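For reference, the structure is listed below as structure tokens.
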């Protein structure tokens, strides 16, 4: 076993996850011939084919399935032994991250995330993107997107992605203080008389949930805009209202400019998740940022 080393274990585990020599080479930043040579060494060591080419993929053998858990655990233990200082270590080689967020998610996550990155002394760059949900899985598989943070129902059940819930929220109605439709007792239920602003884009799943709410309330949007960020100014200066996530409505209402009303219907639920591709679930750089997000934003 003198020729058995840590790099062979990484090749085996990555090939098990990707079932593809080219993808394994890309992930490990080595050449495809180097992956093939490592596989040859592994086959000699274990006296087993380990992976068999089927329909263009490298399918693991029964023996490979038996040993994968122990080999993955060995990687975790080795990296843990090299990483006794927490987030900041030499294994954190990735320098640029692409993260998909809506404008609302940006206003909520980015300020505290900046503080966390500074505290951990991580010298990395983050690019925030806005991408159609239907394009995300492919871009994640290609390594063009590292994480998506927010409400993405179209990705929730994708078997190639890992989706971890951070917290749940709900939609509320936000109108200006002093709005003529607010009752004398401070209550509100005149949705059929209210002009609503709708926010319609294909980045998050908000539109889908809001449309269900509108159907239940028997009303519709009178004006549609692409982003929530413009809504507070419109609502403050007009008699329009907007249905938006509760945590953002509270943020905008810091100076008590608005009145916020709950919407008590069953369909009113927002799942806020962090999502990443299974291909990269064992990469140190993925795990480091994933842990930072989950540990600091879950149930926040």
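In this note's numbering, the protein residues as written are 932 to 1231.
All C-beta atoms in this analysis are idealised placements derived from N, C-alpha and C, irrespective of residue type, glycine included.
Predicted, not measured: the structure shown is a model, and the values here were computed from it.
Query                                                                                                                         : Result
Cβ shell of residue 1093 (< 8 Å), same chain only, five flanking positions each side left out                                 : 1206, 1207, 1208, 1209, 1212
Simplified DSSP assignment, three categories, for residue 1122                                                                : helix
DSSP bridge partner residues for residue 1099 (one or two, in chain order)                                                    : 1202
Cβ pair residue 1038, residue 1179 closer than 8 Å                                                                            : yes
Residues of its chain near residue 1081, where Cβ-Cβ distance is below 7 Å and the 5 sequence neighbours each way are ignored : 1032, 1033, 1036, 1135, 1203
Beta-carbon separation (whole angstroms), residue 1190 vs residue 1108, contact threshold 8 Å                                 : 5 Å
Where residue 1186 sits in the DSSP three-state scheme                                                                        : coil
heavy atom of the ligand FMN below 7 Å from residue 1061 C-beta                                                               : No copy of the ligand FMN occurs in the structure displayed, which carries no ligand at all.
Residue 1090: first and last residue of the uninterrupted alpha helix (DSSP H) it sits in                                     : Run containing residue 1090: none; DSSP gives neither H nor E here.
Residue 1077 burial status per 10 Å Cβ neighbour count (16 or more: buried)                                                   : buried
Three-way DSSP call (helix, strand, coil) for residue 985 in this model                                                       : strand
Inter-residue CB distance, residue 1006 and residue 1030 (contact presumed, cutoff 8 Å)                                       : About 25 Å; that fails the 8 Å criterion.
Residue 1057 vs residue 1026 beta-carbon contact at 8 Å                                                                       : no
Host beta strand (DSSP E) of residue 1154 (start-end)                                                                         : 1152-1156
Cα-Cα separation, residue 990 to residue 981                                                                                  : 8 Å
Local conformation of residue 1211 per DSSP, three classes                                                                    : helix
Segment limits, alpha helix (DSSP H) that includes residue 1067                                                               : 1064-1072
Secondary structure of residue 1016, DSSP reduced to three states                                                             : Any answer about residue 1016 is weak, because its pLDDT of 48 lies below 50 and its placement is not dependable; what the coordinates show is given next. Three-state result, residue 1016: coil.
Paired residues, beta bridge with residue 1079 - DSSP                                                                         : 1031, 1206
Length of the line joining the Cα atoms of residue 1098 and residue 1137                                                      : 15 Å
C-beta atoms of residue 1095 and residue 1140 nearer than 8 Å                                                                 : no
Cβ-based neighbour list, residue 1019, same chain, cut-off 7 Å, excluding 5 preceding and 5 following                         : Low confidence applies to residue 1019: its pLDDT is 46, below 50, so where it sits in the model is not reliable enough to give any reading.
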